[in-house]
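Asker: My questions will all concern the structure given below.
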Amino acid sequence: MPQAAQSMPSPSPSTSSSTARFQQFDDYHSALEPFSKLVLASTSPTRAAVRIHCTVPTWTPDCHSLSLDDVHELRTRALYFIHNLLNKLRAAGVQATYQLAPACGSSVALRALPLSARSPSPTSSACSSTTDDTLRDKALMASIDGVPTLTLS
Numbered sequence: 014m015p016q017a018a019q020s021m022p023s024p025s026p027s028t029s030s031s032t033a034r035f036q037q038f039d040d041y042h043s044a045l046e047p048f049s050k051l052v053l054a055s056t057s058p059t060r061a062a063v064r065i066h067c068t069v070p071t072w073t074p075d076c077h078s079l080s081l082d083d084v085h086e087l088r089t090r091a092l093y094f095i096h097n098l099l100n101k102l103r104a105a106g107v108q109a110t111y112q113l114a115p116a117c118g119s120s121v122a123l124r125a126l127p128l129s130a131r132s133p134s135p136t137s138s139a140c141s142s143t144t145d146d147t148l149r150d151k152a153l154m155a156s157i158d159g160v161p162t163l164t165l166s
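Just so we're aligned: 56 in this note's numbering is position 43 of the sequence shown, and the numbers increase by one with no gaps anywhere.
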């Protein structure tokens with residue numbers, strides 16, 4: 014069961030008054046339906062095409078408590094999630110693709126952007142900076158500046 018959404022200040026440096034609503038889920042499966050609805054709501058009916066930009070951990074610094082086996086498991090679960098998300102979006106009539114980018118860290122960041130948008134830098138995901146070890150095996154969803162964002166930890 015998803016936890017209640019919480020309004021938190023967005024870490025966006027551009028404006029100090031912007032806020033994002035974060036919603037935490039206890040597992041990836043419970044985040045699939047709400048995130049796909051958020052992505053569908055953000056797409057234009059005339060141009061229903063989206064690219065899921067994913068930062069996937071390939072290693073973590075020693076300060077994180079993930080072993081290489083944990084990183085591999087996280088990557089595997091994230092790829093299954095991405096596959097299920099793409100199937101759900103395509104079934105709804107959205108042309109959906111994805112792009113993977115290697116990253117250092119203990120979480121996977123997903124951002125749904127139009128096909129024409131430039132690839133975001135791996136550090137531009139605001140959700141990924143809000144995760145810590147207490148959110149392990151959780152999903153954190155937000156719409157940041159109109160961009161559906163999901164962090165899997």
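In this text, a Cβ means the ideal position worked out from N, Cα and C, and glycines have one as well.
(1) By how many angstroms is the C-alpha of Gly-159 removed from the C-alpha of Gln-108?
(2) Answer with buried or exposed for Thr-68, where buried requires no fewer than 16 other C-beta atoms within 10 angstroms of its C-beta.
(3) According to DSSP, is Ala-105 helix, strand or coil?
(4) For His-96, count the other beta carbons within 10 Å of its own beta carbon; 16 or more makes it buried, fewer makes it exposed. Which is it?
(5) Helix, strand or coil for Arg-34, going by three-state DSSP, please let me know.
(6) Tell me the start and end of each unbroken alpha helix (DSSP H) in the segment 39-71 that is at least 4 residues and wholly inside, in chain order.
(7) Can you give the Cα-Cα distance for Leu-92 and Thr-164, rounded to whole angstroms?
(8) Please state if the CB of Ala-155 and the CB of Phe-35 are separated by a distance shorter than 8 Å.
(9) Which first and last residues belong to the beta strand (DSSP E) in which Arg-124 is found?
(10) Taking the straight line between their C-alpha atoms, what separation do you get for Phe-48 and Leu-113?
(11) Pull up the distance between the alpha-carbon of Leu-99 and that of Pro-74, whole angstroms please.
Answerer: Let me lay it out:
(1) 19 Å
(2) buried
(3) coil
(4) exposed
(5) strand
(6) 41-55
(7) 13 Å
(8) yes
(9) 121-127
(10) 18 Å
(11) 30 Å
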